[in-house]
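Line by line, the protein sequences are chains A and B.
Heads up, the first sequence stops at 484 in my numbering, and the numbers go up one at a time, no gaps.
Heads up, the second sequence stops at 142 in my numbering, and the numbers go up one at a time, no gaps.
Just so you know, even glycine gets a beta-carbon here, dropped at the ideal spot from N, CA and C.
Note that the coordinates shown come from a computational prediction; the quantities given were computed from them, not determined experimentally.
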Amino acid sequence: MTDWTIDSLVTALRTRRISAVEITDDCLARIDRLNPAMRTFITVDADGARRAAKERDSDLAAGRALGPLHGVPMAWKDLCAAPGLPTSCGTRTRDYFVSEMPCTAVARLVAEGAITLGKTNMTELALGPFGDNAHHGHVQNPWRSGHCSGGSSSGSGSAIAAGLALGALGSDTGGSIRLPAACCGIVGLKPTYGRVSRAGAMALSWSNDHLGPMTRTVRDAALMLGIMAGWDAADATTSRRPVPDYLQGIDRGIRGLRVGVPSNYYFDEVDAEVVTAVREAARQLGTLGARVSEVRVPDPVPLGEATGVISRAESVTIHERLLRERPQELQPVVRTRLEFGEHIAAHQYLQALRGRGRLTQEFLRAVFSQVDLLIAPTIPEPAPEIANVTTGGIDEIIKKMGRFSRLTRPFNGLGLPALSLPCGFSTRGLPLALSIVGRPFDEATVLRAGHAYEQAAGWVNRRPAIG
Amino acid sequence: MNPSSTDPGVTAELTRLSDIIERLSRGLGLADEPASFVTVLEEGAPGDD
Chain A
18 MTDWTIDSLV TALRTRRISA VEITDDCLAR IDRLNPAMRT FITVDADGAR RAAKERDSDL
78 AAGRALGPLH GVPMAWKDLC AAPGLPTSCG TRTRDYFVSE MPCTAVARLV AEGAITLGKT
138 NMTELALGPF GDNAHHGHVQ NPWRSGHCSG GSSSGSGSAI AAGLALGALG SDTGGSIRLP
198 AACCGIVGLK PTYGRVSRAG AMALSWSNDH LGPMTRTVRD AALMLGIMAG WDAADATTSR
258 RPVPDYLQGI DRGIRGLRVG VPSNYYFDEV DAEVVTAVRE AARQLGTLGA RVSEVRVPDP
318 VPLGEATGVI SRAESVTIHE RLLRERPQEL QPVVRTRLEF GEHIAAHQYL QALRGRGRLT
378 QEFLRAVFSQ VDLLIAPTIP EPAPEIANVT TGGIDEIIKK MGRFSRLTRP FNGLGLPALS
438 LPCGFSTRGL PLALSIVGRP FDEATVLRAG HAYEQAAGWV NRRPAIG
Chain B
94 MNPSSTDPGV TAELTRLSDI IERLSRGLGL ADEPASFVTV LEEGAPGDD
């Protein structure tokens, strides 16, 4: 099970080297064995998954039309509505989020043949970068137990790294796809704002939320994105821009691409092993034909602060009822972060929205006139110990959260496509990660560069020594 | 920011953010609208610049 990618599994399924029932049973057996300690899933739908797998095998035997994910077992972050399954959003309430419609992204993936294994654990209300959860258990890092999986899409990151699922959905408001991808040594893509519908997924901040794929390889992320992306009548923020074939040309290489390494902010106070690994990745991109240079980017701090104001105001608006009626159910740090939004005035929220648009325009002009892509570290240090980030006063914990997500948050404010992928391992055996960021709606170039680096670097072939 | 909080940590953070928003606002004109962020991104996409 642990050696499959979506790409290799789909070929094996079609050539009958394995059946959908067999791979689904493999995943369920691994979940059964590992989940009690790893806390990766909140809900496992074993019966539903086996039923769907049998249907997929029947379709295959009957020669019926197959989608590109036919028979691939997947998992959804527990803020995505899926038919017949509860959606806790990491809260104590089993059915916290009830949607009139299924999550569009889930529906599109299932329509193309994906099998739903279940719903993955997450930080309560997606408010936190470490993957701890007092209600459902702290998700463990598959590379080193006791260390953070990253959050908030913690279970999705852990599930892919541990070989419990072939692909997963995450959501990203300040780094929540990329942080667990980085901590768990997998691939995570936050697409451009407006590229993937968020309909049927719990919102944390309408202006900053993104849904995206979490996978073993860049190629698999490209495959999933191509299915999930595109206009959706149920999400007014989705763009009508056509969705390209992200797999076409992914092997084309990166000769001549201009790659910028920020000379300010993104390497400040970053762990030495992370810095070395990312600079080595930049060098490797150069050997692959990219033109790598340093570039000074507009200060991300004002934009980050404006984005924080927007997120806080919107999150308390969305979850105000829970905060007012059942505050005792919320973890203290989550409650405090929500309460902060109550103090933001309407005109300040609107100024932040106006400022965000202006700052984004300035960033696009300043950076993408010089380079085609930016690369930077995803996390400022390898996955920290869970005990270190969950103890101390509330203010102290919130500051740790802010520091850990400070390299990912700017790209939520900017709405740009950002891909995290492994770029090495620390001396303690924990994954290190690189972010590749592109122009709006240019996921194709981001994925092409990520794929070229992944193939050359070879980190994708390492597996955690579990189960 | 609404100054109703009595928590010193929250008050300090609100003051800091208030200053940031005020500085940010100085650079904005009457034509800067809060809506259509996707349009901003679409205008910056390849082929559209």
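The CB of Gln368 (chain A) comes closer than 9 Å to the CB of Ile114, Glu115, Leu117, Ser118, Leu121 and Pro127 in chain B, given here in chain order. Runs of the alpha helix (DSSP H) spanning 4 or more residues and lying entirely within the region 417-444 of chain A occur at 426-431, in chain order. If you look at Glu311 (chain A), you'll find it in the beta strand (DSSP E) that goes Arg308 to Val312. Under the three-pair Cβ rule at 8 Å, the region 337-350 of chain A counts as touching the region 108-116 of chain A. Bounds of the alpha helix (DSSP H) holding Met55 (chain A) are Ala37 to Met55. The residues Val333 and Leu340, in chain order, have a CB closer than 8 Å to that of Glu356 (chain A) in the same chain once the five nearest residues on each side in sequence are set aside. Legend: CB atoms of the region 207-236 of chain A lying less than 8 Å from CB atoms of chain B belong to residues Thr209, Tyr210, Gly211 and Ser224. Excluding the 5 residues flanking it on each side, Gly266 (chain A) has same chain C-beta neighbours closer than 8 Å at Ala461 and Arg465, in chain order.
When C-beta atoms of the region 306-320 of chain A are compared with those of the region 99-108 of chain A, fewer than three pairs fall below 8 Å, so the two segments do not count as touching. The closest CA to that of Ala216 (chain A), considering only A:Arg236, A:Ala253 and A:Asp237, is found on A:Ala253.
Ranked by Cα distance from Arg296 (chain A), the first of A:Tyr263, A:Ile177, A:Ala450 and A:Pro427 is A:Ala450.
In the DSSP secondary-structure assignment, Ser452 (chain A) is bridged to A:Ala393 and A:Ser437.
For Ala185 (chain A), no alpha helix (DSSP H) encloses it; the enclosing beta strand (DSSP E) starts and ends at Gly184 to Asp189.
Here Val318 (chain A) is exposed. Its C-beta has fewer than 16 other C-beta atoms within 10 Å. Going by DSSP, Cys97 (chain A) is part of no beta strand (DSSP E) at all; its letter is neither H nor E. When the five nearest sequence neighbours on each side are left out, the beta carbons in the same chain lying within less than 6 Å of the beta carbon of Tyr282 (chain A) are those of Pro317, in order along the chain.
If you draw a straight line from the Cα of Ser170 (chain A) to the Cα of Thr324 (chain A), it is about 20 Å long.
Considering only A:Arg161, A:Gly410, A:Gly145 and A:Met139, the residue with the shortest C-alpha distance to Gly154 (chain A) is A:Met139. Ranked by how close their Cα comes to the Cα of Ala199 (chain A), the residues A:Tyr470, A:Ser422 and A:Thr444 have A:Ser422 in first place.
Contact note: Pro319 (chain A) reaches chain B through Ile113, Arg116 and Leu117, using a C-beta cutoff of 8 Å and chain order.
If the five residues before and after Gly211 (chain A) are omitted, its C-beta is found closer than 6 Å to the C-beta atoms of Thr254, Thr255 and Ser256, all from its own chain and listed in chain order.
According to DSSP, Glu402 (chain A) shares a beta bridge with A:His164. With respect to Thr395 (chain A), Ser328 (chain A) sits apart: the two C-beta atoms are not nearer than 8 Å. In this chain, the beta strand (DSSP E) harbouring His227 (chain A) covers His227 to Thr232. Ile132 (chain A) has A:Pro90 as its beta-bridge partners, per DSSP. Interface with chain B (8 Å Cβ-Cβ cutoff): Asp412 (chain A) is included.
Between Ala37 (chain A) and Leu347 (chain A), the alpha-carbon positions lie close to 39 Å from each other. In this structure, the straight-line span from the alpha carbon of Ala362 (chain A) to that of Ala238 (chain A) is close to 39 Å. Thr190 (chain A) and Asp226 (chain A) do touch by the CB rule: their CB atoms are close to 5 Å apart, below 8 Å.
With respect to the 8 Å criterion, Leu302 (chain A) and Ile335 (chain A) are not classified as neighbours on the basis of their beta carbons.
Rounded to the nearest whole angstrom, the CA to CA distance from Trp21 (chain A) to Asp42 (chain A) is 14 Å.
Residue ranges of uninterrupted alpha helix (DSSP H) with 4 or more members are absent from the region 242-290 of chain A; none lies entirely inside it. Counted as a single uninterrupted DSSP element, the alpha helix (DSSP H) harbouring Phe357 (chain A) occupies residues Pro349 to Phe357. Using a Cβ distance threshold of 8 Å, Ala218 (chain A) and Leu390 (chain A) do not count as a contacting pair. Counting every other CB atom within 10 Å of its CB across the protein chains shown gives Leu433 (chain A) a total of 16 or more, marking it as buried. The bridge partners DSSP lists for Ala218 (chain A) are A:Cys97.
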